[in-house]
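See structure below.
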Amino acid sequence: MLNEHFSEVSITMESGNENLKTPPAAEKKKRPATAGEKLAFLWRDKRNWKQRLLNALPVSFAVAYTFCLFQPLEVFIKNNSFLPFGIGALTPPLILLALGVFVGLGACLTLLRGKIHNAFVSLSVGFLICGYLQCNLLNVDHGTLDGASVAWHDYRVKTVLNLVLWVFLILLPFLIHYLFPKVWKYAARALAALLVVAQTVALIVMLLTSDSLYDNSRNGYLKREGIYDVSENNNVVVFLLDRFDNKYADAILAAEPALENALGGFTFYENFVGSYSRTYPSVAYLLTGVKTDYSQKPREYLENAFTTSPFLKALREGEVEARVYTDVPYTIGNAEWLIGTVENAAPPMELPPKGRILSAMMILSSYRWTPEALKPYFHYYTNDYFTYVYDDPNAEYDVYSSDDVRFRADLVSQGLTVRNNAATYLFYHLSGSHEPYYMDAAGNRAEFASDREGLLQQTRGDIGTLLLYIEQLKEKGLYDKTTIIVTADHGRTGTVTDLEHASEIENVLTGEPDTGERVPVLMIKPRGADTTVPLQRSQKQLSHENLCPTILEALELDHTAVGRSVKDVGDDEEVVRYFYMNGAKANRSTAPRDWNLITYKITGDANDFANWERISTERIKYPYYDSSR
């Protein structure tokens, strides 16, 4: 009974409490997560900084070592003969750069946490794999860096495939991390270490086996000094327009007949044969009169030519003020060999700022390891590196480097200077018809839509420079006292196995299959010539062999020990001439081009390839360009 009563009371009380209970409070709304809170999982990391450092160190070291040290040194060793500095000047800044990248990248990777750390380590590894494989397996041969333009549009498919492969290889470490996270960290470290070891072994082998690690900064240089100085008594001025072929001259003269009057007093020797098919060794031969059959290493030949030349000896003994303006690495080798003979030859100078050397080398090495899509931005003519490093108007040493635009601009602004000396010999090597085409017909720096346009514009621009020079000689009253020779180191070129297969390449000028003959320009205005007579033409059978004797004769020096001058050759005389052609390994622009030395005998009209007879083909023992590729 008591329990029942208690139960009733309890029920009544509970019922009463229910009636007295306050309404429940409204639920609090949750605060939306901030962007940082949402992304916190990316930064969350159970590893401490020491553990992350173990991932960062090998990867960052491999990246710095590969791209900032090994790649530049490998390119330098393989292309040493074209670069105007030595390995001693290059290595310290490379080491400093590599250390900076190693420390900077290593610190960044260590400070990053969680998934972000993993992502950037994966990205670095992918980048490392891509760069290494690009250099060793993936590069497409675009030919020698000799100034020739590259038809990048012909590589579109390969460029796209290369880019796809880069994307895949960069994503590969991410995929491995996703599928095998434990394997990933060990694989990244092992791969980095393996690449460093492999490249170190390769570097040691290259250093031990290379026989061309010469410091070109010890070669001396040619000063710009006296570039427009002429004698009040007797001058011989040679304008060598690179690759100026008869066909190019004919096209320009046909398009502008008034030039024949502007070149009054000149004779165009149309039946003229060069010596070699390339700038090396053609220019050296024109400067010395000494030939090579490629049986000597380039440097040995150049030293022999410039130190034993009877032509240079005659200039020196005749007390002629001789000045030569060309690019030393490719044509002379060492300007010190000319000291005592050539006024503007100078001993080695102080090196340019290390930053210039470093940036030049990084640009050149980047051309090797970057993907195909980026290569056009790092494609430079080998001569550009000499200009880039040394052509500094503010530098203490005013080094001459080929720049037709500057040559013309300085001629206009400075003008010719007359000196009271017996005789002056000037040799100007201009770009002429050779790529890269960077000057228009008015002498302005320009870019062109096609090689044909660039060739004609730049060549016409150099002819314009010649006419300005003539005008200034006339103003000084010295034109009648000056002999001017306009010529070329060689005519048209092309990467073919022999001239019989020249039709397999395109003539830049006509767009049609090329023909075999290679006839460079020779125009001469003798001292005292009647300049009222328009450009004359001659069919004398001449060659490069006649130029050194002609120069000595014009300087009133004995030339009999050197050879026959242009005057010595009869108008109707039959002369057998020889031309040495660098035959390529295959008929394509990317083939090794200095493969065979082919000798042709020319009788009669050199403009008719039927008069060219191949008499020998020999493997080139010491090529110039391809030995450094």
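In the working numbering, the protein residues as written are 3 to 631. Every residue, glycine too, gets a C-beta built ideally from N, C-alpha and C. These numbers come from a predicted model, not from an experiment.
Taking ARG115 as reference, the option from ASN50, ASN164, PRO175 with the minimal CA-CA separation is ASN50. A Cβ-Cβ contact shorter than 8 angstroms links ILE617 with THR601.
The beta-bridge partner set that DSSP reports for VAL401 consists of LYS225. Counting along the chain, the unbroken beta strand (DSSP E) around SER618 starts and ends at 614–621. In this structure, the beta-carbon distance from TYR427 to ALA348 does not fall below 8 angstroms. Sequence-distant partners of SER435 (beyond 5 residues in either direction) whose C-beta falls short of 8 angstroms from its own C-beta, in its chain, are LEU243, ASP244, ARG245, PHE246, ASP247, TYR250, LEU457, GLN460, THR461, ALA490. Excluding sequence positions up to five before and after TYR626, its CB lies within less than 7 angstroms of the CB of TYR282, PRO300, ASP596, all in the same chain and listed in chain order. Distance check between LEU537 and each of THR619, VAL285, PRO528 places PRO528 closest, using alpha-carbon atoms only.
Assigned with DSSP and collapsed to three states, ILE79 falls in helix. Annotation: THR343 to SER311 spans about 11 angstroms, alpha carbon to alpha carbon.
If you check the CB distance, GLY128 and LEU173 come in under 8 angstroms. Counting only the Cα atoms, GLU437 lies some 15 angstroms from SER279. Residues VAL292, GLN298 of the same chain have their beta carbon placed closer than 8 angstroms to that of ASN306, with the five preceding and five following residues left out of the count. With fewer than 16 other beta carbons inside 10 angstroms of its own, SER415 counts as exposed. Going by C-alpha positions, ALA316 is about 17 angstroms away from VAL240. A check of alpha carbon separations from GLU477 across ASN57, ALA443, ARG494, GLY417 identifies GLY417 as the nearest. Between VAL275 and VAL521, the C-beta spacing is below 8 angstroms. For TYR296, the secondary structure class from DSSP, reduced to helix, strand or coil, is coil. If you look at VAL420, you'll find it in the beta strand (DSSP E) that goes 419–421. Distance from the CA of GLY493 to the CA of VAL523, rounded to the nearest whole angstrom, comes to 8 angstroms. For ASP453, the secondary structure class from DSSP, reduced to helix, strand or coil, is helix. In the DSSP assignment, MET441 falls outside any beta strand (DSSP E), carrying neither H nor E. Across the set LYS160, PHE87, ALA189, ARG421, the C-alpha of ALA189 shows the shortest separation from the C-alpha of PRO60. The beta carbon of ILE97 sits closer than 8 angstroms to those of LEU71, all from its chain and outside the five residues before and after it, given in chain order. Here the segment 360–368 lies against the segment 72–81, with 3 or more beta-carbon pairs under 8 angstroms apart. When only Cα atoms are considered, ALA58 and SER277 end up about 58 angstroms apart. Close CB contacts of THR290 within its chain, under the 7 angstroms cut and outside five residues either way in sequence, are with ALA307, PHE308, SER311, PHE313, LEU314 (chain order). With a contact defined as Cβ atoms closer than 8 angstroms, SER124 and PHE63 miss out at about 17 angstroms. If you draw a straight line from the Cα of GLU345 to the Cα of GLU502, it comes to about 43 angstroms.
PHE170 places its beta carbon 8 angstroms or farther from that of MET525. Under the criterion of beta carbons closer than 8 angstroms, ALA608 and THR497 do not qualify as touching, at roughly 22 angstroms. If you check the CB distance, ASP412 and MET441 do not come in under 8 angstroms. In the structure shown, LYS603 falls within a strand segment according to DSSP collapsed to helix, strand and coil. Only residues of its own chain outside the window of five on either side were considered, and among them PHE308, THR309 have a CB closer than 6 angstroms to the CB of TRP339, listed in chain order.
Rounded to whole angstroms, the separation of the alpha carbons of GLU473 and PHE429 is 18 angstroms. Taking 4 residues as the shortest admissible run, the segment 229–313 contains the following complete alpha helix (DSSP H) segments, listed from N- to C-terminal end: 248–257, 261–264, 281–290, 300–310.
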